[in-house]
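All remarks here apply to the structure that follows.
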Amino acid sequence: MNQRAATSRWNTLPAREARLAWFLLFPTALIVFGLILFPAVFSVWISFHDVGLHNLNDVFHAPSVGWSNYTRVFQDFAFKYQGPNNLGAAVTSVVYSFSATILTVFIGLIAALLLNRPFKGRGLTRAIFLFPYVAPIVSVAFVWRWILDPRPSGVLNDLLMRSGAIEMPLGYLSTRGLALLLVIFFEAWRYFPFAMLMILARLQAIDNTLYEAADVDGANAWQKFVAITLPELRFVLGAIFLLRLMWTFNKFDDIFLLTGGGFGTKVLPVLTYEFSFRLFDFGRGAAAAMILLTILIVFMLIYVRVVMRNVDEQ
Amino acid sequence: MMETRRMNLIQHMARRFSLRQIVFFLLLAFFLTSILFPFYWMVSSSFKTQVEIGGRQPVYIPSALRLDAYRELFDPSHPSFQNFSVNILNSLKVSIPTALIAVVLSVLGAYAIARLKFKGKNVLLNGVLMVYLLPGVLLIIPLFSMLANIGDRLGFNVQDNLGVLIVTYLAQTLPVAMYMLTNYFRTIPDEIEQAALIDGCSRLGVIWRVTLPLAIPALVSVFIYTFMIAWNEFLYALVFLNSRDLFTMPIKVNTIFNDPSPRPHVVMAASTIMTIPVVVLFLALEKYLEEGLTAGGVKG
Chain A
1 MNQRAATSRW NTLPAREARL AWFLLFPTAL IVFGLILFPA VFSVWISFHD
51 VGLHNLNDVF HAPSVGWSNY TRVFQDFAFK YQGPNNLGAA VTSVVYSFSA
101 TILTVFIGLI AALLLNRPFK GRGLTRAIFL FPYVAPIVSV AFVWRWILDP
151 RPSGVLNDLL MRSGAIEMPL GYLSTRGLAL LLVIFFEAWR YFPFAMLMIL
201 ARLQAIDNTL YEAADVDGAN AWQKFVAITL PELRFVLGAI FLLRLMWTFN
251 KFDDIFLLTG GGFGTKVLPV LTYEFSFRLF DFGRGAAAAM ILLTILIVFM
301 LIYVRVVMRN VDEQ
Chain B
1 MMETRRMNLI QHMARRFSLR QIVFFLLLAF FLTSILFPFY WMVSSSFKTQ
51 VEIGGRQPVY IPSALRLDAY RELFDPSHPS FQNFSVNILN SLKVSIPTAL
101 IAVVLSVLGA YAIARLKFKG KNVLLNGVLM VYLLPGVLLI IPLFSMLANI
151 GDRLGFNVQD NLGVLIVTYL AQTLPVAMYM LTNYFRTIPD EIEQAALIDG
201 CSRLGVIWRV TLPLAIPALV SVFIYTFMIA WNEFLYALVF LNSRDLFTMP
251 IKVNTIFNDP SPRPHVVMAA STIMTIPVVV LFLALEKYLE EGLTAGGVKG
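Have a look at this one:
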């Protein structure tokens, strides 16, 4: 009797459906949990232990070192803020990701507005606008490095020297300050298409009658932009800002390939890489990565609290 | 001479177009040049000679389409032969399996999330989206030591193992791929599937015969998306590959770039080979996607 009840519960339609669902999700869940969520937790553990190349094969018995990995990161000269000429990795990361994200969203907005109205060749232009985003990072980083070459044969040096703007060739990516600025510009150049696509999709969903009503009221283009377009875009702009901020904050390849993290562009991901795979001090690397994650989470919480709430209210 | 012509052009434009149109064209021209010039520079430099590359001034248009750089990449008789075809092959060996497996697994997962009711669905979805937050550099340390341990026990190498790369790329791309497909499946009306189920089709039969044919545009997008991630990926390949024979293209290009004797034209030639397939693939996808969006699913 009991057994029959159990089997019938086991065989009900919802139960069968749930079993099928888990069966279908199992491979994906296994890969994502095994290779992302477990490592993420494991890296917290590593950050409190002394893990190096010597004990990599026996990592689970690595000696615990308490907070010393963290204090060593905080005391590292590459990490600490030492005045406006030497920001240190933590402050550089914040400056870099915020300014790059703001610039990316701004340029993406301009590009989306450009492409929003129909004109001949719009499809092709839109496709071309996406090139920087889809091309391999290694290719575009090296092309830009070569355009910014410090020798007089570099394209930018040649153009600026011909136009008389500079007399001697500049080492753009090897000058403090300038290098950080250029890395920020590079981010905007490469990632504005992402912002553009999302803004464009939202722009095309705006109800046209709003603009028609504004026309009847005699609004000019700027007034329409401020009163209709921007409010309609507010939410998508906020979402793009958050996503791009997270991704830029975590970004390793761009800066590593452009400057190698030198000349005032050392951000936390590059520092993490250097601790782990140059010095092979995985514990300290993991500690640096955890600090990176903590800063990111703090910013996100502030952002969600302040910005997203304002969006809701309006 | 130049000046007067430019003035005339501006006057001419001012007469024909409104200020708004002029601003529009100037902005468009600015965007197009700043996007296209680097790509032009990459392709054109790949056809330059060592002399043109090393001169005091940049050569904007190569004197002829010289294949010096490509010869270094592919010609075994060249003194600094790079054997780049092996690297192309390695990139394909990683990207194609990654993309194929990602499509299959994300179809199954996305179907479950979009169509089936079960407990823990929201927890799962949110957990999967958390992946967005985690930096690649954070994951690579535990992954490296974890896989080294498992590898020791099961007898495979973490380093110089393309299979390990495929699995890590899958982990990175599956969440987004599943998300993309779930959204697409939700746009396909449930009624069609219900009808097939009533007609006696099994669930897997429904997925295979009804849902998948309707979702082809989304499947293509997922394939291209994962293919491009695997093709372009740099950090994991840099850490996991040591042997030159197993380098994927990005790592090889990085190696050539960091060679003590700089040969930018070779770097640009290799970059061109690496870039053209993704850009072409992407241009093809653009059309496909728009077609898929307009024709997607059944109306009514």
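Protein chains in written order, with my numbering: chain A, 1 to 314; chain B, 1 to 300.
Idealized CB from N, CA, C, for every residue including glycine.
Please read all numbers here as calculations on a predicted model, not as lab measurements.
Reduced DSSP category for residue i - H, G, I as helix; E, B as strand; rest coil
| i | result |
| --- | --- |
| residue 259 of chain B | coil |
| residue 153 of chain A | coil |
| residue 294 of chain A | helix |
| residue 197 of chain A | helix |
| residue 190 of chain A | helix |
| residue 166 of chain A | coil |
| residue 160 of chain B | coil |
| residue 213 of chain B | helix |
| residue 241 of chain B | coil |
| residue 99 of chain A | helix |
| residue 57 of chain A | helix |
| residue 136 of chain B | helix |
| residue 85 of chain B | helix |
| residue 203 of chain B | helix |
| residue 221 of chain B | helix |
| residue 265 of chain B | helix |
| residue 93 of chain A | helix |
| residue 293 of chain B | At residue 293 of chain B, the pLDDT of 37 sits below 50, so the modelled position is not reliable; the number obtained from the coordinates is stated separately. In the structure shown, residue 293 of chain B sits in a helix (DSSP, three-state: H, G or I). |
| residue 247 of chain B | coil |
| residue 215 of chain A | helix |
| residue 259 of chain A | coil |
| residue 127 of chain B | helix |
| residue 75 of chain B | coil |
| residue 135 of chain A | coil |
| residue 122 of chain B | helix |
| residue 63 of chain B | coil |
| residue 177 of chain A | coil |
| residue 12 of chain A | coil |
| residue 115 of chain B | helix |
| residue 264 of chain A | coil |
| residue 172 of chain B | helix |
Minimum C-alpha distance to residue i - residue among the options
| i | options | result |
| --- | --- | --- |
| residue 299 of chain A | A:209, A:241, A:199 and A:51 | A:241 |
| residue 205 of chain A | A:17, A:236 and A:194 | A:236 |
| residue 109 of chain A | B:210, B:27 and B:55 | B:27 |
| residue 177 of chain A | A:70, A:276, A:92 and A:229 | A:92 |
| residue 134 of chain B | A:42, A:156 and A:14 | A:42 |
| residue 118 of chain A | A:203, A:278 and A:231 | A:203 |
| residue 116 of chain B | A:26, A:149, A:21 and A:200 | A:21 |
| residue 70 of chain A | A:95, A:44, A:189 and A:217 | A:44 |
| residue 128 of chain B | B:175, B:152 and B:107 | B:175 |
| residue 312 of chain B | A:253, A:114, A:27 and A:64 | No information on residue 312 of chain B is available, as it lies outside the stretch 1 to 300 that chain B covers here. |
| residue 58 of chain B | A:286, A:146 and A:23 | A:146 |
| residue 207 of chain A | A:186, A:197, A:232 and A:192 | A:232 |
| residue 31 of chain B | A:87, A:94, A:221 and A:112 | A:112 |
| residue 119 of chain B | A:149, A:16 and A:183 | A:16 |
| residue 136 of chain B | A:304, A:290, A:303 and A:13 | A:290 |
| residue 61 of chain B | B:86, B:53, B:44 and B:49 | B:44 |
| residue 304 of chain A | A:286, A:277, A:245 and A:218 | A:245 |
Beta-bridge pairing of residue i - partner residues as DSSP gives them
| i | result |
| --- | --- |
| residue 52 of chain A | A:281 |
| residue 64 of chain A | A:49 |
Any C-beta of chain C under 9 Å from that of residue i
| i | result |
| --- | --- |
| residue 227 of chain A | The displayed structure is made up of protein chains A and B, and chain C is not among them. |
Assumed close pair residue i, residue j - CB separation to whole angstroms, cut-off 8 Å
| i | j | result |
| --- | --- | --- |
| residue 40 of chain A | residue 248 of chain A | Between residue 248 of chain A and residue 40 of chain A the Cβ distance is about 20 Å, and since that is not below 8 Å, they are no contact. |
| residue 184 of chain B | residue 218 of chain B | 4 Å |
| residue 279 of chain B | residue 267 of chain B | With a Cβ gap of about 18 Å, residue 279 of chain B and residue 267 of chain B do not count as contacting. |
| residue 29 of chain A | residue 286 of chain B | That belief does not hold up - the Cβ atoms of residue 29 of chain A and residue 286 of chain B are roughly 32 Å apart, past 8 Å. |
| residue 73 of chain B | residue 269 of chain B | 6 Å |
| residue 157 of chain B | residue 57 of chain A | About 12 Å; that fails the 8 Å criterion. |
| residue 136 of chain A | residue 231 of chain B | 7 Å |
| residue 353 of chain A | residue 132 of chain A | One cannot answer for residue 353 of chain A here, as it falls past the ends of chain A, which runs 1 to 314. |
| residue 153 of chain A | residue 56 of chain B | 6 Å |
| residue 210 of chain A | residue 184 of chain A | Actually they do not touch by this definition, with Cβ atoms about 35 Å apart. |
Kindly confirm or deny that the stretch 164–171 of chain B and the stretch 21–37 of chain A touch, where touching means at least three C-beta pairs closer than 8 Å.
-> yes
Could you tell me whether the stretch 273–288 of chain A touches the stretch 44–51 of chain A, using the rule of 3 or more Cβ pairs below 8 Å?
-> yes
Would you check if there are 3 or more beta carbon pairs closer than 8 Å linking the stretch 88–95 of chain B to the stretch 248–259 of chain B?
-> yes
Just checking, does the stretch 110–130 of chain B make contact with the stretch 253–272 of chain A on the three C-beta pairs under 8 Å criterion?
-> no
Given 8 Å, three or more beta-carbon pairs between the stretch 148–165 of chain A and the stretch 68–87 of chain A | no
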